[in-house]
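Structure first, commentary second.
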Amino acid sequence: MNKQIYILAAAAWAVGAVAPAATLSDRVDDQVARAKKALVLYEKPEGFVRKVKLSWLEQFQLAAVQPNGSNGLHLKDGASPVNQEFRRSWVGVTADFKGDTTFRTWVRLGGLPERETFKDGRTKRNFSYTSLFELWLKKDIHSVKGLSVQVGKIKSLFTTDYSIPSSSIACIERSIISNQFAQDSNWGVDVTYAPNKKDKVYLQLMANDRASATKNPGHTDEYTDGRGFSGEFGWEDKCFIILGASHKYRVTDSGYHALSAQYLHDFDNAYHSKHNPGANYFGLGFQDAVSLGYEFKHGRFHFLSNVVAAFEQETGKGTNNIGLQLQPMYSVTPHVDLIFRYTGMTGHGACKLGADRYICTQTTAPSWADSINAFYFGADFYASAKDKNALKLMVGAEYTTARSEGSDCYNGWTFSSAVRWSF
181 MNKQIYILAA AAWAVGAVAP AATLSDRVDD QVARAKKALV LYEKPEGFVR KVKLSWLEQF
241 QLAAVQPNGS NGLHLKDGAS PVNQEFRRSW VGVTADFKGD TTFRTWVRLG GLPERETFKD
301 GRTKRNFSYT SLFELWLKKD IHSVKGLSVQ VGKIKSLFTT DYSIPSSSIA CIERSIISNQ
361 FAQDSNWGVD VTYAPNKKDK VYLQLMANDR ASATKNPGHT DEYTDGRGFS GEFGWEDKCF
421 IILGASHKYR VTDSGYHALS AQYLHDFDNA YHSKHNPGAN YFGLGFQDAV SLGYEFKHGR
481 FHFLSNVVAA FEQETGKGTN NIGLQLQPMY SVTPHVDLIF RYTGMTGHGA CKLGADRYIC
541 TQTTAPSWAD SINAFYFGAD FYASAKDKNA LKLMVGAEYT TARSEGSDCY NGWTFSSAVR
601 WSF
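For the sequence shown, this note's numbering assigns the number 181 to the initial residue and increments by one for each residue that follows.
This is the structure:
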């Protein structure tokens with residue numbers, strides 16, 4: 181009898197211990213849903229303006245660079261190995277209108293005065309700037325099922341990683357491949373045909389809006405020009421085109437397979453030694469590029485891969501570049517994901533080590549290398565299991581090696597942590 185009482189008491193204690201946790205999880209899910217609902221400013225399904233809502237994305241992160249296990253030998257003189265910054269600070273508005281028409285804008289409050297960047301022999305804080313990441317109007321063409329046209333400042337969809345929204349990426353920073361090969365948002369036109377949930381084909385024609393080639397694209401006080409509000413606009417020699425397609429197959433309740441392919445051609449005449457010095461170029465850096473992606477999801481396991489090949493570098497050296505990204509992820513619980521990512525690139529003088537967030541700003545590593553290998557180990561912790569990207573804590577460590585002219589030019593760790601929320 182006493183044994184049964186002990187068993188019942190232990191069971192009651194276990195239920196009591198688990199119940200508060202489950203209740204807390206439900207409360208968090210409820211609070212996330214309420215926060216998103218509070219951002220809906222107007223909703224009238226039968227009106228001309230059917231819905232207006234705000235969006236808010238923030239990411240604050242800390243990072244420490246540890247080259248070759250010895251900061252003193254490889255950091256720039258006066259540079260700090262530790263950095264903090266609001267990596268992403270965006271607010272936006274989306275309005276849905278009658279006739280399946282959508283207006284959207286994302287205002288990027290990037291470069292808030294937190295991050296320290298070493299430049300011109302000293303370390304200084306970043307200056308704030310404001311720019312338009314997105315400002316577009318999208319219209320569904322009812323005469324053709326799945327056809328839509330989008331016009332304005334839009335996000336380019338090249339590389340598998342960059343095609344994922346910033347709010348949903350699993351790692352603290354995108355891969356080196358994505359940061360080198362993907363473009364920023366640009367003015368242009370997007371025509372998409374998606375007749376069902378499995379297939380999509382799109383064509384993007386874009387023109388660059390950068391102002392002056394003399395401006396530094398790094399995070400400094402010179403970065404206030406040429407982005408969004410004050411950018412130069414023109415099609416003369418800053419136009420590129422992206423053709424992409426994706427297909428999902430073997431779709432089940434537990435997962436799917438997906439293939440994607442993208443081709444990019446840059447019409448910039450720099451590749452023919454006729455570049456106009458007065459017109460700034462901020463495109464791919466290569467005239468042609470191909471990206472192939474494969475994604476697999478089954479239960480708790482998720483795998484993403486991407487191969488990119490780029491041809492004819494802008495500098496005129498004729499150097500090509502090949503990159504590979506492999507990224508397996510596993511959900512330990514609905515609130516915890518483990519992530520590994522391998523990124524490799526090769527191409528004589530064509531691998532942009534400076535695509536990393538901190539290595540080249542804080543250390544003596546060169547901006548370009550002949551080959552790069554990076555290994556990322558990370559974990560994401562989600563406050564809400566129903567809406568993982570609403571609020572999460574991310575931790576990661578990435579070991580990067582780079583070689584140039586037959587010898588190592590950089591080896592070291594970058595340790596990062598970030599809090600990101602998206603509503």
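Idealized CB from N, CA, C, for every residue including glycine. It should be emphasised that the depicted structure is a prediction, and the values quoted were computed from it without experimental measurement.
From the DSSP output, in three-state form, read off residue i for me.
i: THR339; result: coil
i: HIS254; result: helix
i: SER584; result: strand
i: ALA565; result: coil
i: ASP433; result: coil
i: SER260; result: coil
i: LEU604; result: This structure cannot speak to residue 604, because the chain is shown only from 181 to 603.
i: ARG214; result: helix
i: ASP209; result: helix
i: THR274; result: strand
i: LEU204; result: helix
i: PRO247; result: strand
i: THR310; result: coil
i: ASP446; result: strand
i: ALA189; result: Low local confidence applies: a pLDDT of 47 at ALA189 is under 50, so the model's placement there is unreliable, and no value is given.
i: ASN591; result: strand
i: GLY424; result: strand
i: GLU492; result: strand
i: ASP280; result: coil
i: ALA570; result: coil
i: PHE266; result: strand
i: LEU219; result: coil
i: GLU226; result: coil
Would residue i pass as a contact of residue j if the rule is Cβ separation under 8 Å?
i: PHE483; j: VAL516; result: no
i: SER358; j: ASP341; result: yes
i: PHE603; j: SER235; result: yes
i: GLU492; j: PHE476; result: no
i: ARG583; j: ASP550; result: yes
i: GLU238; j: ARG480; result: no
i: TYR510; j: PRO247; result: no
i: ALA275; j: PHE283; result: yes
i: ILE321; j: LEU327; result: yes
i: ILE356; j: ALA554; result: yes
i: ILE552; j: ALA545; result: no
i: ASP588; j: VAL212; result: no
i: THR310; j: VAL287; result: yes
Would you call residue i buried or exposed, if buried means 16 or more other Cβ atoms sit within 10 Å of its Cβ?
i: LYS572; result: buried
i: ASN569; result: buried
i: GLN363; result: buried
i: LEU439; result: exposed
i: THR432; result: exposed
i: ALA218; result: exposed
i: GLY524; result: buried
i: GLU314; result: buried
i: PRO345; result: exposed
i: ARG207; result: exposed
i: TRP415; result: Per-residue confidence for TRP415 stands at a pLDDT of 43, beneath the threshold of 50, marking its modelled position as unreliable; the derived number appears in the next sentence. Burial call: exposed.
i: ARG214; result: exposed
i: VAL245; result: buried
i: ASN376; result: exposed
i: PRO261; result: buried
i: SER471; result: buried
Whose C-beta lies closer than 6 Å to the C-beta of residue i among residues of the same chain, with five residues either side of it excluded?
i: TYR429; result: HIS437
i: GLN360; result: LYS532, ALA535
i: VAL381; result: TYR373, ALA425
i: ARG354; result: ASP341
i: ALA604; result: No answer is possible for residue 604: the residues shown for the chain start at 181 and end at 603.
i: ILE421; result: LEU385, HIS445
i: LEU337; result: SER343, GLY424
i: SER485; result: TYR474, LEU506
i: HIS427; result: ASP379, LEU439
i: THR526; result: ILE502, SER551
i: ARG537; result: GLU353
i: PRO514; result: ALA565
Starting from the C-beta of residue i, find all residues in its chain whose C-beta is less than 7 Å away, skip the five residues before and the five after it, and write them out in chain order.
i: LYS454; result: Legend: pLDDT at LYS454 = 46, less than 50; position of this residue unreliable, no value from coordinates given.
i: SER205; result: ALA565
i: GLY586; result: none
i: LEU221; result: VAL232, LYS233, LEU234
i: VAL229; result: TYR222, ALA275, PHE277
Which residues in the same chain as residue i place their Cβ atom closer than 8 Å to its Cβ, once the five residues preceding and following it in sequence are excluded?
i: HIS478; result: SER434, GLY435
i: PHE557; result: ILE519, PHE520, GLY576, ALA577, GLU578
i: THR543; result: VAL245, PRO247, HIS254, LEU255, LYS256, ALA259, TYR590, GLY592
i: TRP548; result: GLY529, ALA530, CYS531, LYS532, LEU533, GLY534, SER584
Taking only beta-carbon positions, decide if residue i is within less than 8 Å of chain D.
i: THR580; result: The structure shown contains no chain D; it is built from a single protein chain.
Ignoring anything shorter than 4 residues or poking outside the segment 499 to 556, list the alpha helix (DSSP H) runs there in chain order.
-> Correct list: 539 to 542.
Kindly provide the ranges of any alpha helix (DSSP H) runs that are 4 or more residues long and lie completely inside the segment 323 to 389, ordered along the chain.
-> Correct list: 356 to 361.
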